[in-house]
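Peer 1: Straight run, no breaks: the sequence shown in UniProt numbering ends on number 729.
Using N, Cα and C, we set each Cβ at its ideal position, and we do this for glycine too.
Note that this is a predicted model, so its numbers are computed, not measured.
Please find one structure pasted underneath; my questions will follow.
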Amino acid sequence: MATLLYRIGRFAFGRRGVVASAWLVLLAVLAGVLLTLGSAPTSSVTIPGTESQRALEALAKEFPQASGASGTVVVRAPEGQTVVAPGSKAVLDDIVGRAAKVPGVVAALSPLDTKAISQDGRYGLVTVQFDKTADELTPEQRSAYEALGDGAPAGWAVAAGGEPLLATPEIGSTEGIGVLVALVVLVITFGSLVAAGMTMVNALVGVGVGMIGLLIVGHAALLSSVTPVLALMLGLAVGIDYSLFITSRYRHNLALGLERQEAAGRAVGTAGTAVVFAGLTVIIALAGLSVVGIPFLTAMGLAAAGTVLVAVLVAVTLLPALLGFAGDRVLSRRQRRADRDEPGTDLDEASGNRGFAWGRFTVRHRVPVLLAGIVVLAAVAVPVADMRLALPDDGTAPVTSSKRVAYDLISEGFGEGFNGRLVMVVHADTPSQVQAATAGAAKAATGLGDVLAVAPGQTSADGRTTILAVIPKSGPTAEATFDLVRDLRSALAVTAGATGAEISVTGVTAVGVDVSDKLAAALPVYLLVVVGLGFVLLMLMFRSLLVPLKATLGFLLTIGAAFGATVAIFQWGWLRSVVGLDTAGPLVSFLPILLIGILFGLAMDYEVFLVSRMREDFVHGDTAREAVVAGVGHGARVVVAAALIMMSVFAGFVLVDDPIIKSMGFALAFGVAVDAFVVRLSLVPAVMSFLGDRAWWLPRWLDRALPNVDIEGENLRPATEPVEAAAAR
């Protein structure tokens with residue numbers, strides 16, 4: 001592996017014009033294709049094989065007129081008035097008339113016709129039906145619908161909410177702040193604007209190719225609205241980190257006196273090997289989401305894995321080409337001056353690098369470091385025991401948003417359960433069966449404690465399908481409503497068995513229950529696949545059994561702390577104002593499994609970056625203790641810079657209004673901070689110093705069976721020893 005990448009690095013450096021032009025042409029061609037195709041459609045979240053999904057499919061088939069997005073405009077009359085008063089009719093007629101004129105609306109029904117009026121008569125619900133699903137609505141249609149709440153008469157409150165406002169999260173200036181912070185970190189790390197700018201340009205080209213390619217694929221395979229956001233998040237983070245790692249090794253090689261092209265080849269051969277294996281761990285973790293069996297998660301994982309793959313390819317091909325253009329300007333002025341005065345000096349050690357001091361500290365005080373790290377992370381992980389999962393609702397949206405105002409108005413006038421109505425779908429072969437089953441279903445639902453009311457049913461034209469709305473007493477994400485879904489399904493199973501009908505329950509909460517159950521069932525398999533493959537990859541890379549085991553155990557500490565902090569802020573509401581969260585609530589159902597996959601890959605990145613240098617120095621003659629100190633000394637600056645960059649990129653997404661994106665950005669940023677600074681830079685060297693030479697133990701039979709990937713670049717030494725010897729003299 002090292003030899004192949006060494007040759008690629010030398011080729012890209014020597015043919016830099018051709019390589020750079022090829023990437024730019026590819027970027028331009030992809031951009032042209034995307035401009036021709038236009039924006040890609042997005043898909044809705046589907047959970048095949050679940051009861052709620054079967055019910056939704058039945059509704060789309062039997063009630064096609066209601067298969068589009070359904071919105072609710074909430075109207076509240078002034079204090080002391082009602083919506084049924086004669087003087088209120090003009091206000092309602094105006095709202096209904098404006099709603100009917102919104103592009104794509106096929107029906108707008110007044111509460112005076114549907115009787116959707118609160119008991120005190122002050123609140124009314126205007127039902128708005130679109131001809132397309134929420135994912136198919138244009139931004140103009142959403143804006144026109146949301147504007148129905150504007151210009152209400154004095155004393156009246158009007159707010160539009162519901163499915164039409166499920167918009168794609170927007171990516172804009174807030175995420176750019178993270179990129180700017182990353183650029184500042186690069187400038188400080190390298191001490192060179194050229195090195196920092198070149199590293200950033202390299203990463204942005206990779207992100208551009210990956211994201212544009214993903215958006216083109218979106219025309220052939222429908223992707224959820226969150227998929228491009230996740231891909232952008234990871235593409236930026238790993239793209240900058242991988243380029244940083246190789247550039248740092250190139251600068252180190254130049255400082256040792258290697259000729260430029262040779263320095264680039266060696267950097268790609270050694271650090272590039274670590275980048276390839278680090279990228280593979282991320283790709284495995286993301287692609288492993290396919291085993292869950294949920295299409296939108298599979299798409300998210302594969303899309304993000306694709307952007308990571310592009311980041312790796314760009315790092316080992318385009319980066320050495322850009323290094324060729326940069327020349328000596330990739331070094332800081334201090335480094336260029338030192339290179340002229342004392343060629344071949346190891347600037348990391350000569351400059352009093354604090355990484356070496358920290359490495360010696362963790363080795364010398366390994367017991368206190370281990371105990372302190374484990375105790376602190378265990379304490380942060382305590383909230384995990386109270387973690388609750390659900391699909392998001394408008395109750396956690398920003399308080400000033402139209403959908404949040406509508407949610408609060410419905411809760412005031414009708415009860416919070418009206419925001420999470422459940423739908424019972426009754427289907428049978430004959431109308432008589434449906435009638436009997438419908439009566440039994442209504443009776444069974446009414447007898448449950450958390451049910452506020454069961455609305456009258458609506459029957460299809462052929463009489464074989466009826467839908468009934470069940471209004472819970474509690475909100476859509478409340479634990480009581482989750483219990484109600486399970487109790488309702490158990491009660492309806494008896495009715496279905498007695499009548500021969502098929503009865504299923506759907507709705508936002510029911511879908512959330514199904515997602516949570518399916519993810520819980522898939523999680524053990526997912527962990528086995530991802531952690532197992534990651535373990536094998538690390539064993540192959542480091543030729544050790546204990547190093548992969550240590551890496552995996554360290555990851556458990558990282559994930560526990562990340563979950564704990566996320567629960568404390570986003571569910572419990574601690575310090576929520578710091579992240580701009582208006583209302584705390586359960587975490588989105590798919591966050592845990594997504595976070596496990598992403599953080600496992602990123603955690604292994606830092607493991608590879610740090611331990612690969614320990615392995616390299618150990619193989620080249622250092623003692624185990626010296627190798628640990630040297631690995632931390634040479635790698636600390638890069639790992640710290642890489643972690644700060646990833647944290648900056650992820651933290652930029654915390655500024656997005658969407659609570660799902662906000663929680664993902666925070667969890668990833670916090671997880672990276674914990675893994676880099678506590679686990680990899682503190683606990684890892686402490687454990688490695690305990691293990692000593694045993695850290696690199698591998699049974700002989702297994703050592704002979706495994707292929708040699710040569711991460712330490714041992715095969716490159718014969719070709720470069722004369723140059724290094726000359727530099728040493």
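Below 8 Å on the Cβ atoms is my contact criterion, and I expect Arg489 with Glu79 to pass it. Report the Cβ-Cβ distance as a whole number of Å.
Peer 2: Between Glu79 and Arg489 the Cβ distance is about 42 Å, and since that is not below 8 Å, they are no contact.
Peer 1: So, for Ala496: in the same chain, excluding its five sequence neighbours on each side, which residues have a beta-carbon less than 8 Å away from its beta-carbon?
Peer 2: Correct list, in chain order: Ala437, Glu502, Ile503.
Peer 1: Do you know how far the Cα of Ile8 is from the Cα of Val316?
Peer 2: The straight-line gap from Cα to Cα measures roughly 7 Å.
Peer 1: On the premise that Ile47 lies in contact with Val515, defined as a C-beta separation below 8 Å, what is that separation, rounded to the nearest angstrom?
Peer 2: Yes, they are in contact, since the Cβ atoms of Val515 and Ile47 sit about 6 Å apart, within 8 Å.
Peer 1: Alpha carbon to alpha carbon, what distance is there between Ala195 and Val185?
Peer 2: Distance between the alpha carbons of Val185 and Ala195: 12 Å.
Peer 1: What span of residues does the beta strand (DSSP E) with Gly9 cover, start to end?
Peer 2: Taken as a continuous stretch (DSSP letters only), Gly9 belongs to no beta strand (DSSP E), being part of the alpha helix (DSSP H) at 2–14.
Peer 1: With a threshold of 6 Å on Cβ separation, who are the neighbours of Ser248 within its own chain once the five nearest residues in sequence on each side are excluded?
Peer 2: Val638, listed in sequence order.
Peer 1: Where Phe245 and Phe542 are concerned, what is the direct C-alpha to C-alpha distance, given to the nearest angstrom?
Peer 2: Going from the Cα of Phe245 to the Cα of Phe542 covers about 18 Å.
Peer 1: DSSP puts Met424 in a beta bridge; with which residues?
Peer 2: Met424 pairs with Leu468, Val505.
Peer 1: Using a Cβ-Cβ cutoff of less than 6 Å, which residues in the same chain neighbour Gly395 once the five nearest sequence positions on both sides are dropped?
Peer 2: Closer than 6 Å at Cβ, skipping near neighbours: Tyr407.
Peer 1: Measuring only the C-alpha atoms, how far is Met1 from Ala55?
Peer 2: Each residue's alpha carbon lies about 52 Å from the other.
Peer 1: I need the straight-line Cα distance from Thr552 to Phe361, nearest angstrom please.
Peer 2: For Thr552 and Phe361, the distance between alpha carbons rounds to 24 Å.
Peer 1: Excluding five sequence neighbours on each side, which residues of the same chain lie with their C-beta closer than 7 Å to the C-beta of Pro685?
Peer 2: Result list for Pro685: Gly359, Thr362, Val363, Val628, Val632, in chain order.
Peer 1: Report the residue ranges of all alpha helix (DSSP H) runs contained in full by the stretch 551–587; include only those spanning at least 4 residues, in chain order.
Peer 2: Complete alpha helix (DSSP H) runs here, min 4: none at all.
Peer 1: Determine the DSSP secondary structure at residue 808, reduced to helix, strand or coil.
Peer 2: For the chain, the structure presents residues 1 to 729; residue 808 sits outside this window and is missing.
Peer 1: Take Met198 and list the residues in its own chain whose beta-carbon comes closer than 6 Å to its own, dropping the five residues that flank it on each side.
Peer 2: Cβ within range, chain order: Leu322, Ala326.
Peer 1: Can you give me the C-alpha to C-alpha distance between Arg15 and Val29, rounded to a whole angstrom?
Peer 2: If you take the alpha carbons of Arg15 and Val29, they lie about 21 Å apart.
Peer 1: Per DSSP, which one or two residues make a beta bridge with residue 742?
Peer 2: Because residue 742 is not part of the residues shown, which for the chain are 1 to 729, the question remains open.
Peer 1: Look up Gly17 in the DSSP assignment and say whether it is helix, strand or coil.
Peer 2: Helix at Gly17.
Peer 1: Between Gly415 and Val73, what straight-line distance do the alpha-carbon atoms span, to the nearest angstrom?
Peer 2: The alpha-carbon atoms of Gly415 and Val73 are separated by roughly 16 Å.
Peer 1: I need the straight-line Cα distance from Leu331 to Val201, nearest angstrom please.
Peer 2: So the two alpha carbons sit approximately 17 Å from each other.
Peer 1: Would you list the one or two residues that DSSP bridges to Ala117?
Peer 2: Looking at the sequence provided, one finds Ile at residue 117 rather than Ala. In the DSSP output, where bridge partners are listed per residue, Ile117 has Gly124.
Peer 1: To which residues of the same chain is Thr298 closer than 8 Å at the C-beta, ignoring the five residues directly before and after it?
Peer 2: Cβ neighbours of Thr298 beyond the five flanking positions: Leu289, Ser290, Val292.
Peer 1: Do you know whose CA, among Val530, Leu230, Leu610, lies nearest Val656's CA?
Peer 2: Looking at the Cα atoms, Leu230 is the closest of the given residues.
Peer 1: Examine chain B for any beta-carbon lying closer than 9 Å to the beta-carbon of Gly293, and answer yes or no.
Peer 2: Within the model displayed, chain B is absent; a lone protein chain is all it includes.
Peer 1: Just to confirm the assignment: which complete alpha helix (DSSP H) runs, minimum length 4, are found wholly within the stretch 603–691?
Peer 2: As far as the stretch 603–691 is concerned, its whole alpha helix (DSSP H) runs of at least 4 residues are 624–652, 659–673, 684–691.
Peer 1: Who does Gln458 pair with in a DSSP beta bridge?
Peer 2: Gln458 is bridged to Ile467.
Peer 1: Pull up the DSSP beta-bridge partners for Ala107, would you.
Peer 2: DSSP lists Gln129 as partners of Ala107.
Peer 1: Is it true that the stretch 576–593 meets the stretch 380–394, where meeting means three or more beta-carbon pairs spaced less than 8 Å apart?
Peer 2: The answer is yes - the stretch 380–394 touches the stretch 576–593, with three or more Cβ pairs under 8 Å.
Peer 1: Can you find the residues in the same chain that come closer than 6 Å, C-beta to C-beta, to Ala642, ignoring five residues on each side of it along the sequence?
Peer 2: Only Asp241, Leu244 meet the Cβ criterion.
Peer 1: For a test of the three-state rule: what should DSSP assign to Val185, helix, strand or coil?
Peer 2: Val185 falls in the helix class under three-state DSSP.
Peer 1: On the DSSP bridge assignment, give the partners of Leu302 in chain order.
Peer 2: DSSP lists no partner for Leu302.
Peer 1: From this set, Gly272, Asp113, Ser110, which residue's C-alpha is nearest Thr3's C-alpha?
Peer 2: Taking only the C-alpha atoms, the option nearest Thr3 is Gly272.
Peer 1: When the Cα atoms are used, what is the spatial distance from Leu519 to Phe590?
Peer 2: Distance between the alpha carbons of Leu519 and Phe590 is about 7 Å.
Peer 1: Considering Ala159, what are the terminal residues of the beta strand (DSSP E) in which it resides?
Peer 2: Unbroken beta strand (DSSP E) run through Ala159: 157–162.
Peer 1: Around the Cβ of Ala90, are there at least 16 other Cβ atoms within 10 angstroms (buried) or fewer (exposed)?
Peer 2: So Ala90 counts as exposed.
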